[in-house]
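Participant: Here's a structure for you.
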Amino acid sequence: GENVEQHPSTLSVQEGDSAVIKCTYSDSASNYFPWYKQELGKRPQLIIDIRSNVGEKKDQRIAVTLNKTAKHFSLHITETQPEDSAVYFCAASDYKLSFGAGTTVTVRA
Amino acid sequence: NAGVTQTPKFQVLKTGQSMTLQCAQDMNHNSMYWYRQDPGMGLRLIYYSASEGTTDKGEVPNGYNVSRLNKREFSLRLESAAPSQTSVYFCASSYSGGPSYNEQFFGPGTRLTVL
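Now the structure itself:
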């Protein structure tokens, strides 16, 4: 089955700086790569996703890049704000979603 | 629309007891999923139902059973609870799964403790 590794497990950034989270996947058949944000005590919510026929996607301060050859994808958050503090999960799917272990992002004021 | 709802929100069981977690969605989604979330391990798929009438095992199905009661409802049953099943359980749904993946919408979760 698919194996998704996510790094780093924790990330502390100064407000206004950028945050980058990286994930690798094992199954070359995977073709859908979503990113979820989970605030403390809340449910995961989709923030951005990318499909295998696209190399990059951007939505305001959030961008995701995908390198199919190397089997890795990354989440970039620019101009971080306190409300960006949360746990972020990457996932990969060929038929079922497999999640990474998560990255706890803390934005320092 | 309520989206994805789960009951109960919290539950404490003793080892060996059984219980059923309920999940319902009102978005006319075809696919439904059960995950468990443990610290440092992300979300792990227990069972999923690609469409009404079908269920399949996920990554960690041992100790669980599921029923896709109709298009709206997907329940998860613990027949004989064990402390290792202490976790937060999330139900999710999507319009489609498999190769034509769509966004999964999650329920609020059930926090289960097995003593």
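Residue numbers (my numbering), protein chains in the order written: chain A, 1 to 109; chain B, 1001 to 1115. For each residue, glycine too, the CB sits at the ideal point set by N, CA and C.
How would you write the range of the beta strand (DSSP E) that Q1037(B) sits in, first residue to last?
Facilitator: Locating residue 1037(B) in the second sequence gives position 37, counting from the first residue. Element bounds for Q1037(B): S1031 to Q1037.
Participant: Where does G110(A) land, buried or exposed, given buried means 16+ other C-beta within 10 angstroms?
Facilitator: Here chain A comprises residues numbered 1 to 109, so residue 110(A) is not present and cannot be evaluated.
Participant: Measure the C-alpha to C-alpha separation of P1061(B) and L1078(B) and round it to an integer number of angstroms.
Facilitator: The count along the second sequence starts at 1 and reaches residue 1061(B) at position 61. The count along the second sequence starts at 1 and reaches residue 1078(B) at position 78. C-alpha separation (whole angstroms): 11 Å.
Participant: So, for Q81(A): in the same chain, excluding its five sequence neighbours on each side, which residues have a beta-carbon less than 7 Å away from its beta-carbon?
Facilitator: On the first sequence, position 81 is the one that residue 81(A) refers to. Within the same chain, E15 and V107 come within 7 Å of Q81(A) by CB-CB distance, once the 5 residues on both sides are set aside.
Participant: When the Cα of Y95(A) is compared with those of D1056(B), N1028(B), K1014(B) and F1106(B), which residue comes out closest?
Facilitator: Numbered from 1 along the first sequence, position 95 holds the residue referred to as residue 95(A). Cα-wise, what sits closest to Y95(A) is D1056(B).
Participant: Examine the ligand NAD and report whether any of its heavy atoms sits within less than 6 Å of the Cβ of F1106(B).
Facilitator: You won't find the ligand NAD in this model; it holds no ligand whatsoever.
Participant: In whole angstroms, what separates the C-alpha of F99(A) from that of Q1025(B)?
Facilitator: Locating residue 99(A) in the first sequence gives position 99, where the first residue counts as 1. Locating residue 1025(B) in the second sequence gives position 25, where the first residue counts as 1. Roughly 22 Å between the two C-alpha positions.
Participant: Do S1080(B) and A1050(B) have their C-beta atoms closer together than 7 Å?
Facilitator: Walking along the second sequence from the start, residue 1080(B) turns up at place 80. Walking along the second sequence from the start, residue 1050(B) turns up at place 50. Result no, Cβ atoms of S1080(B) and A1050(B) do not sit closer than 7 Å.
Participant: Pick from S1096(B), A1092(B) and P1083(B): whose alpha carbon is nearest that of Y1033(B)?
Facilitator: Locating residue 1033(B) in the second sequence gives position 33, where the first residue counts as 1. It is A1092(B) whose Cα lies nearest to the Cα of Y1033(B).
Participant: Going straight from the alpha carbon of T1007(B) to that of D84(A), what length do you get?
Facilitator: Within the second sequence, numbered from 1, the residue matching residue 1007(B) stands at position 7. Within the first sequence, numbered from 1, the residue matching residue 84(A) stands at position 84. T1007(B) and D84(A): Cα-Cα distance of roughly 29 Å.
Participant: Given a cut-off of 7 Å, decide if V64(A) and I77(A) are closer than it, judged by their beta-carbon atoms.
Facilitator: In the first sequence, counting from the first residue as 1, residue 77(A) sits at position 77. In the first sequence, counting from the first residue as 1, residue 64(A) sits at position 64. Their beta carbons are not under 7 Å apart, which means I77(A) does not touch V64(A) by this criterion.
Participant: Out of S1094(B), E1052(B) and F1090(B), point me to the one whose CA is closest to P1108(B)'s CA.
Facilitator: Counted from its first residue, the second sequence places residue 1108(B) at position 108. Closest by alpha carbon: F1090(B).
Participant: Got a sec: is the Cβ-Cβ distance from K58(A) to anything in chain B below 7 Å?
Facilitator: On the first sequence, position 58 is the one that residue 58(A) refers to. Taking Cβ atoms only, chain B never reaches closer than 7 Å to K58(A), which makes this a no.
Participant: Measure the alpha-carbon distance for S26(A) versus Y1048(B) and round it to whole angstroms.
Facilitator: On the first sequence, residue 26(A) is found 26 positions in, with the first residue counted as 1. On the second sequence, residue 1048(B) is found 48 positions in, with the first residue counted as 1. Cα to Cα, the separation comes out at about 21 Å.
Participant: Using a Cβ cut-off of 9 Å, which residues of the stretch 35 to 53 of chain A contact any Cβ in chain B, in chain order?
Facilitator: Y36, Q38, G41, K42, R43, P44, Q45, L46, D49 and R51
Participant: Taking the alpha-carbon of S9(A) as reference, which of L97(A), A109(A) and C90(A) has the nearest alpha-carbon?
Facilitator: Residue mapping note: residue 9(A) aligns to position 9 of the first sequence, counting from 1. Taking only the C-alpha atoms, the option nearest S9(A) is C90(A).
Participant: Can you give me the C-alpha to C-alpha distance between M1019(B) and G1058(B), rounded to a whole angstrom?
Facilitator: The residue given as residue 1019(B) occupies position 19 in the second sequence. The residue given as residue 1058(B) occupies position 58 in the second sequence. Approximately 20 Å between the Cα atoms of the pair.
Participant: My understanding is that K68(A) touches S93(A), with C-beta atoms under 8 Å, so please give their C-beta distance in whole angstroms.
Facilitator: Stepping through the first sequence from its first residue, residue 68(A) is reached at position 68. Stepping through the first sequence from its first residue, residue 93(A) is reached at position 93. Contact doesn't hold; Cβ gap of about 14 Å is too wide.
Participant: What is the residue span of the beta strand (DSSP E) that S30(A) lies within?
Facilitator: For the purposes of this step, residue 30(A) is identified with residue 30 of the first sequence, where counting begins at 1. No beta strand (DSSP E) holds S30(A); DSSP gives it neither H nor E.
Participant: For G1058(B), go through chain A and note every residue whose CB falls closer than 7 Å to its CB, in chain order.
Facilitator: Here residue 1058(B) is taken as the residue at index 58 of the second sequence, counted from 1. What G1058(B) touches in chain A: K96.
Participant: Are the beta-carbon atoms of Q1011(B) and L1112(B) separated by less than 7 Å?
Facilitator: Reading the second sequence from its first residue, position 11 is the one you call residue 1011(B). Reading the second sequence from its first residue, position 112 is the one you call residue 1112(B). Going by C-beta atoms, Q1011(B) is nearer than 7 Å to L1112(B).
Participant: Under three-state DSSP, which class holds E83(A)?
Facilitator: Mapped onto the first sequence, residue 83(A) falls at position 83. Helix at E83(A).
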